[in-house]
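Single-structure report; data block below.
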Amino acid sequence: MKMVFVSLMAATLLVACGSANRTTNNSTSSNEAFAVPNSVRENFNARYPNARNVNWSAYDAQAATTIDWELNGWNALNQNDYMVTFDQEGRRYTGWYDRNGNWVGSTYTMTDYKGLPAAVMTTIDRNYQGYEIVKVQQEFWRDMTAYEVKLKRNNDDKVKLLVDANGNIIKHKNKD
Numbered sequence: 215m216k217m218v219f220v221s222l223m224a225a226t227l228l229v230a231c232g233s234a235n236r237t238t239n240n241s242t243s244s245n246e247a248f249a250v251p252n253s254v255r256e257n258f259n260a261r262y263p264n265a266r267n268v269n270w271s272a273y274d275a276q277a278a279t280t281i282d283w284e285l286n287g288w289n290a291l292n293q294n295d296y297m298v299t300f301d302q303e304g305r306r307y308t309g310w311y312d313r314n315g316n317w318v319g320s321t322y323t324m325t326d327y328k329g330l331p332a333a334v335m336t337t338i339d340r341n342y343q344g345y346e347i348v349k350v351q352q353e354f355w356r357d358m359t360a361y362e363v364k365l366k367r368n369n370d371d372k373v374k375l376l377v378d379a380n381g382n383i384i385k386h387k388n389k390d
């Protein structure tokens, strides 16, 4: 009886862990379950030649909530476009490509805020005294690097900023 239970649990886990997306060891591996056009894959491989653990999927608005699309002004995407997650330089990135293979942008969540450029920290310290950093996403697009910074004060007052590496506030948004 124990053997039947163990076998059923193993089969259930295999089915539950299955996915329409296939993780690959590098960016050049094929993905039989999810077809990614060559133009998209080639653009990705050129931009991220050292990427590992690459996982492609169709763009999913629910999964794209790691960044504020309105704040950074990126082009709207739909299910005909592509999302990729991958590892590079010890970080887990998410990237987006349109159906024509054009790179929209990439991001990763910063866990060590000490890694923020001094100019960004100076801007926050000068303009948002009393706020604490809640979350930071480093974002890359159009040959630009910016930081999406979520701040809060007293649990009520929340602000979201998009700040370039030189400390210039690109956009400011009060959060409800």
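Heads up, the sequence shown is in the working numbering, so the first residue is 215 and it goes up one at a time. Every residue gets a Cβ at the ideal spot worked out from N, C-alpha and C, and that includes glycine.
How would you call residue i, buried or exposed, if buried means at least 16 neighbouring beta carbons within 10 angstroms?
i: Gly-309; result: buried
i: Val-348; result: exposed
i: Thr-359; result: exposed
i: Asn-286; result: buried
i: His-386; result: exposed
i: Val-371; result: According to the sequence displayed, residue 371 carries Asp and not Val. Exposed: under 16 other Cβ atoms inside 10 Å.
i: Arg-255; result: buried
i: Glu-284; result: exposed
i: Thr-321; result: buried
i: Gln-351; result: buried
i: Ala-260; result: exposed
i: Asp-357; result: exposed
What residue from the options has the CA that sits closest to residue i's CA?
i: Asn-269; options: Trp-355, Asn-294, Tyr-307; result: Tyr-307
i: Gly-315; options: Met-297, Pro-331, Arg-305; result: Met-297
i: Met-175; options: Asp-274, Asn-292, Glu-353, Asn-264; result: Nothing in the structure corresponds to residue 175, since the chain is present only between 215 and 390.
i: Tyr-345; options: Asp-282, Asn-368, Glu-362; result: Asn-368
i: Leu-291; options: Arg-305, Gln-276, Gly-304, Val-377; result: Gln-276
i: Asp-274; options: Ala-265, Asn-294, Asn-252; result: Asn-294
i: Gly-381; options: Arg-313, Gln-343, Ile-281, Thr-337; result: Thr-337
i: Ala-272; options: Tyr-311, Gly-304, Lys-366, Glu-303; result: Tyr-311
Hey, quick one: how far does the beta strand (DSSP E) through residue i stretch, first residue to last?
i: Arg-305; result: 305 to 311
i: Asn-267; result: 266 to 272
i: Asn-388; result: 383 to 389
i: Trp-288; result: Where Trp-288 is concerned, there is no enclosing beta strand (DSSP E), given that its DSSP letter is neither H nor E.
i: Gly-319; result: 317 to 324
i: Ala-360; result: 358 to 367
i: Lys-328; result: Careful: Lys-328 lies outside any beta strand (DSSP E) and carries neither H nor E.
i: Gln-351; result: 346 to 355
i: Phe-300; result: 296 to 302
i: Asp-378; result: 371 to 378
What are the start and end residues of the alpha helix (DSSP H) that includes residue i?
i: Thr-336; result: 332 to 341
i: Val-254; result: 252 to 261
Would you tell me roughly how many angstroms separate the C-alpha atoms of residue i and residue j, rounded to the nearest one?
i: Leu-375; j: Trp-355; result: 16 Å
i: Asn-341; j: Trp-288; result: 26 Å
i: Lys-364; j: Tyr-327; result: 12 Å
i: Trp-317; j: Thr-299; result: 13 Å
i: Asn-257; j: Met-335; result: 33 Å
i: Tyr-262; j: Asp-301; result: 10 Å
i: Ala-417; j: Tyr-361; result: Residue 417 is absent from the model: the chain starts at 215 and stops at 390.
i: Leu-330; j: Ala-249; result: 37 Å
i: Ala-265; j: Gly-319; result: 15 Å
i: Asn-252; j: Arg-313; result: 11 Å
i: Ala-332; j: Lys-389; result: 25 Å
i: Asn-267; j: Ile-281; result: 21 Å
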